[in-house]
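**Q** Dropping a structure here in structure tokens format, bear with me for questions.
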Amino acid sequence: MRHPYAEAPSYTKWRHAVAAPAMAEVDPAVGFPFRLTRQDRVATAGSCFAQHIGRSLKAQGFAYLVTETAHPFIANVAGPCAYEQFSARYGNVYTARQMLQLVQRALGLFEPADRAWTGPGEAVYDPYRPTVQPGGFISVAELEADRARHLACVRRLLEELDYLVFTLGLTEAWISAEDGAAYPLCPGVAAGRFDPDRHLFVNSGVDAIVADVEAFLALIRSVNPRARLILTVSPVALAATAEDRHVLASNTYSKAVLRVAAETLARRHPEEVAYFPSYEIISGIHNRGSYILDDLRSVSEAGVAHVMASFARNATEQGPEFCPVPAAAAPPRRSALFDDLSRLVKAECDEAMLGA
Amino acid sequence: MADILLIGHSHTQSIVQALQARSAAVGWGVVGMPSGANPVVATGEGYRLDPGVAAGLRRQVGPETLCISTIAGNAHNVLALMATEPPFDFMTPGGAEPVSPRAELVPYASVRLSFRTILDEGDLSMLHATGLAVPEMRYHLESPPPLRDGDLIRSRMDQYFIQTYPEAQVADSWLRLKMWRLHSALFAEACETLGIAFLPAPPEAVDPDGFLRPEFAHETSSTHANVAYGALVADQIERLTR
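Order-wise, the sequence lines are chains A and B. Going by the UniProt record's numbering, the first residue of the first sequence is number 1, and it counts up by one from there. Going by the UniProt record's numbering, the first residue of the second sequence is number 1, and it counts up by one from there.
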């Protein structure tokens, strides 16, 4: 007797596609609809897992688009200062609402009332990226100047990208009671002070997240009609929940909502949005938890490598024969002029020491 | 044994030349630290002076010797004497200095972290290691402030450098002043950790904005002060001994 499963491809069957293959051979991204070329400019944003994707794309020779870079003078601390973690210096963008507002702010459509947080100490912090500047800013004026440059870089990113890889990280968020401005971190955690009258907790459902993603994609496409969106769901578990329940239950709920939202968006906008199943590669039972480190949250390099191998196979024009070519090394911090300046100063020191 | 021992690098020399021109009331000695590779070695207990260098230093120190550091002092010039491309600038906590509108604004904390990282791996490790090798070291001398006038600086530079980089510009004067002040602040912090007093540049040598007055410019160096400046520093030191 014939039935639909009889002729279905093997990747649709758990025994063949998950249980039987070697761990590294499990590949849920089969049939991914987009094929990136090396000429496509790819940007990343989202929760911390998106950092891995950006780093791997760059290492594999893709045109990883970064519009906000550290001035060469501070290149030695670009990493600690959150440059090049993502395509611009926005830090982790955990929620779709935060991403929507980032796009709105970059396009001059939203200006949150909450402009700056103070503390710890005398330092000033950006409420919308409180961890990007170690030690904080020295004044609101300095913060505002840096933010203006940042948002200009984000705008250029939105105008120039071909693909945005956005990793949905959280459903839980804290927002301003005044105007709904979404914070990446609860005030008081890394900077600022928590005020229950001014800071509200929200836990977004599928409809709200779908609406936020559709809104920010529409805004991006209003300045860049060719832009496409690749969604992933972060496999990194919640560090804590603000719901009064076990964090494991909140984590399961959160990931389920994000996964359904991503699926909804990809089905609703197949020409513009695709879902890449990195969440499944990392969290699937096929790897028996081996892609998660001892803190039971962080993802191992082996897990990232599995994701990126699948991405190369299924989401690039090179297909299965794709052979990563490392990107050119970053330009050195020092130019010849400054190397020679160093020698000049040393020579002056030597001559001065000799009493010349 | 000298009553006063200067331990350090090239900024010592203007002081020494000034002292040679006067009959000093106290005995002076100088220990020049190696000017090539950093004489600091990593040990299990942290950075320490090379044992040979440390032993040579210890031989110069008597029970009553006042040891004064003139270690390093030119890292700000290495980094920011000449303008970068693109130009950059930064605000400072006091906000006293102007910011160039044509420059890329870099957050102060980033500049500070960058500079601190470079100094920790170099000049400050030397100061720290020397302080441990010579606990008698009581003072560190601030290096001379920068000159305001870019043309004066260029005129004192090695002509080979000027000819090799004819388009290179001396960096904005306020940026150079800010970098010197940051350099001084980082040294002062390190001195506080070591229990060493930080002795500021003589106020008579500094104009109202904080630049080195042109009459104290070195005759052949764009990054050092002259004998007249050294004499003011020598006066400062002699006052310490009274």
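Using N, Cα and C, we set each Cβ at its ideal position, and we do this for glycine too.
Applying the criterion that 16 or more other CB atoms from any shown protein chain within 10 Å of the CB defines a buried residue, is A:Ser222 buried or exposed?
**A** Taking a 10 Å sphere around the C-beta of A:Ser222, we find fewer than 16 other C-beta atoms and assign the residue as exposed.
**Q** Straight-line CA distance for B:Thr70 to B:Ala234?
**A** 12 Å
**Q** Taking the runs of the beta strand (DSSP E) that are 3 residues or longer, which of them lie wholly in the region 28-97 of chain A?
**A** 41-46
**Q** At the level of alpha carbons, what is the spacing between A:Tyr183 and A:Pro127?
**A** One C-alpha to the other measures close to 6 Å.
**Q** For the region 127-159 of chain A, list every residue whose C-beta sits within 8 Å of some C-beta in chain B, in sequence order.
**A** Gln133, Pro134, Gly135, Gly136, Phe137, Ile138, Ser139, Ala141, Glu142, Ala145, Asp146 and Arg149
**Q** Report all residues from its chain with a CB closer than 8 Å to the CB of A:Ala302; omit the five preceding and five following residues, and keep chain order.
**A** Ser290 and Tyr291
**Q** Please classify B:Ala217: does DSSP put it in a helix, a strand, or coil?
**A** Here B:Ala217 carries a strand assignment [DSSP, helix/strand/coil].
**Q** Could you check if A:Glu214 is buried or exposed, using at least 16 other CB atoms within 10 Å of its CB as the buried criterion?
**A** buried
**Q** Which partner residues of B:Met82 appear in the DSSP bridge assignment?
**A** B:Val170
**Q** If we cut at 8 Å on Cβ distances, does A:Pro332 have a partner in chain B?
**A** With a pLDDT of 42 at A:Pro332, under the threshold of 50, the modelled position of this residue cannot be trusted; read the value that follows with caution. No, no contact with chain B.
**Q** Please state whether DSSP places B:Ile68 in a helix, a strand or coil.
**A** strand
**Q** With a 10 Å radius around its C-beta and 16 neighbouring C-beta atoms as the bar for buried, classify A:Asp212 as buried or exposed.
**A** buried
**Q** Within 10 Å of its beta-carbon, does A:Trp117 have 16 or more other beta-carbons around it, so buried, or fewer, so exposed?
**A** Of the residues assessed, A:Trp117 falls on the buried side of the cut-off, its CB having 16 or more other CB atoms within 10 angstroms.
**Q** Cβ of A:Asp197 within 8 Å of Cβ of A:Ala181?
**A** no
**Q** Taking the alpha carbon of B:Thr223 as the point to measure from, which residue in B:Arg116, B:Val16, B:Thr117 and B:Ala72 has its own alpha carbon closest?
**A** Considering only alpha carbons, the answer is B:Ala72.
**Q** Does any residue of chain A have a CB that is nearer than 8 Å to the CB of B:Leu81?
**A** By this cut-off, B:Leu81 is an interface position.
**Q** What residue range is occupied by the uninterrupted beta strand (DSSP E) comprising A:Phe110?
**A** Where A:Phe110 is concerned, there is no enclosing beta strand (DSSP E), given that its DSSP letter is neither H nor E.
**Q** Per DSSP, which one or two residues make a beta bridge with A:Arg228?
**A** A:Tyr163
**Q** Determine contact between the region 43-50 of chain A and the region 228-236 of chain A, defined as no fewer than three beta-carbon pairs at a distance below 8 Å.
**A** yes
**Q** Does the beta carbon of B:Gln13 come closer than 8 Å to any beta carbon on chain A?
**A** yes
**Q** B:Ala133 bridges to which residues according to DSSP?
**A** DSSP output for B:Ala133 lists no bridge partner at all.
**Q** How many whole angstroms separate the CB atoms of B:Arg102 and B:Leu182, which I take to be in contact at a CB cut-off of 8 Å?
**A** The Cβ separation is near 21 Å, so there is no contact.
**Q** Using a 10 Å radius around the Cβ and a threshold of 16 neighbouring Cβ atoms, would you call A:Trp174 buried or exposed?
**A** buried
**Q** Within a Cβ cutoff of 6 Å, which residues of the same chain sit near A:Phe216, ignoring the five residues on either side of it in sequence?
**A** Met99, Leu100 and Val103
**Q** Can you look up A:Val257 in the DSSP assignment and give me helix, strand or coil?
**A** helix
**Q** By how many angstroms is the C-alpha of A:Leu65 removed from the C-alpha of A:Ala328?
**A** With a pLDDT of only 46 at A:Ala328, under the threshold of 50, the placement of this residue in the model should not be trusted; the figure read from the coordinates follows. Approximately 14 Å between the Cα atoms of the pair.
**Q** Please report whether the beta-carbon of B:Asp123 lies at a distance below 8 Å from any beta-carbon of chain A.
**A** no
**Q** Under the three-state reduction of DSSP, which class applies to A:Ile281: helix, strand or coil?
**A** helix
**Q** Residue range of the beta strand (DSSP E) that A:Asn314 falls in?
**A** Premise fails: A:Asn314 lies in the alpha helix (DSSP H), Glu301 to Ala315, not in any beta strand (DSSP E).
**Q** For B:Glu121, which three-state DSSP category applies?
**A** helix
**Q** Which one or two residues does DSSP pair with B:Asp89 in a beta bridge?
**A** B:Leu105
**Q** Going along chain B in order, which residues have a C-beta closer than 8 Å to the C-beta of A:Val345?
**A** Residues of chain B whose Cβ lies closer than 8 Å to the Cβ of A:Val345 are, in chain order, Asn74, Asn77, Val78, Leu81 and Thr223.
**Q** At the level of alpha carbons, what is the spacing between A:Ser342 and B:Asp172?
**A** 18 Å
**Q** Closer than 8 Å, CB to CB, is B:Glu136 near chain A or not?
**A** no
**Q** Going along chain B, which residues have a C-beta under 7 Å from A:Glu68?
**A** Within 7 Å Cβ-Cβ: nothing; A:Glu68 doesn't reach chain B, min ~11 Å.
**Q** Taking C-beta to C-beta, are B:His140 and B:Leu199 nearer than 8 Å?
**A** Yes. Within cutoff.
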